[in-house]
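Engineer: Per the working numbering: the sequence shown = residues 1372 to 1474.
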Amino acid sequence: TVIILLFAACRDPDYFPKPNDFLPERFAVADGEKINPYAFAPFSAGPRNCIGHKFAMLQMKSIVSCLLRHYEFLPMGPDVVRLFSLGLTSSTGMNVGIKLRDY
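1. For L1454 and R1472, what's the separation of their Cα atoms in angstroms?
2. Residue range of the alpha helix (DSSP H) that K1425 falls in?
3. Just curious, the alpha helix (DSSP H) that L1377 is in, first and last residue?
4. Does the structure place the stretch 1435-1449 close enough to the stretch 1463-1470 that three or more beta carbon pairs sit under 8 Å?
5. Could you check if F1393 is buried or exposed, using at least 16 other CB atoms within 10 Å of its CB as the buried criterion?
6. Should F1444 be labelled buried (16 or more other beta-carbon atoms within 10 Å of its own) or exposed?
7. Where DSSP assigns a beta bridge to F1444, which residues make up the other side?
8. Give a yes or no on whether the minimum CB-CB distance between A1410 and chain D is below 8 Å.
9. Please say whether Y1386 and A1412 have beta carbons closer to each other than 8 Å?
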């Protein structure tokens, strides 16, 4: 049995400098640069990966785009304290304020 620890692979400093920092711009690579496709594989990788991968990514981008266009997200409450378990959680919760944008 081969087990791939995706949590550890996605935090490998060889592929992602400052792996524990929230840096979404790391995925907006410039021309000529490439991210190893197997370094970040939330839907698995290879010929038998998830068939809904492209649809899920398109849907997520569409929803995030719609939310960011219409709402402003503001940090509220105490700082987030990360807990590492099966998924990423916080002992303080993730309190976010949402404000309708004025156009």
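Cβ atoms here follow ideal geometry from the backbone N, Cα and C, with glycine treated the same way.
Structural biologist: A quick look at the data gives this:
1. Counted from its first residue, the sequence shown places residue 1454 at position 83. Counted from its first residue, the sequence shown places residue 1472 at position 101. Cα to Cα, the separation comes out at about 32 Å.
2. Mapped onto the sequence shown, residue 1425 falls at position 54. That run of the alpha helix (DSSP H) goes 1424-1441.
3. Taking the sequence shown and counting its residues from 1, the one referred to as residue 1377 is at position 6. Taken as a continuous stretch (DSSP letters only), the alpha helix (DSSP H) holding L1377 covers 1377-1380.
4. yes
5. The residue labelled residue 1393 in the question sits at position 22 within the sequence shown. Burial call: exposed.
6. Against the sequence shown, residue 1444 aligns to sequence position 73. F1444 is exposed by the Cβ-count criterion.
7. The count along the sequence shown starts at 1 and reaches residue 1444 at position 73. Answer by DSSP bridge pairing, in chain order: I1469.
8. Protein chain content of the structure displayed is limited to a single chain, and chain D is not contained in it.
9. Here residue 1412 refers to the residue found at position 41 of the sequence shown. Here residue 1386 refers to the residue found at position 15 of the sequence shown. No, the Cβ-Cβ distance between A1412 and Y1386 is not below 8 Å.
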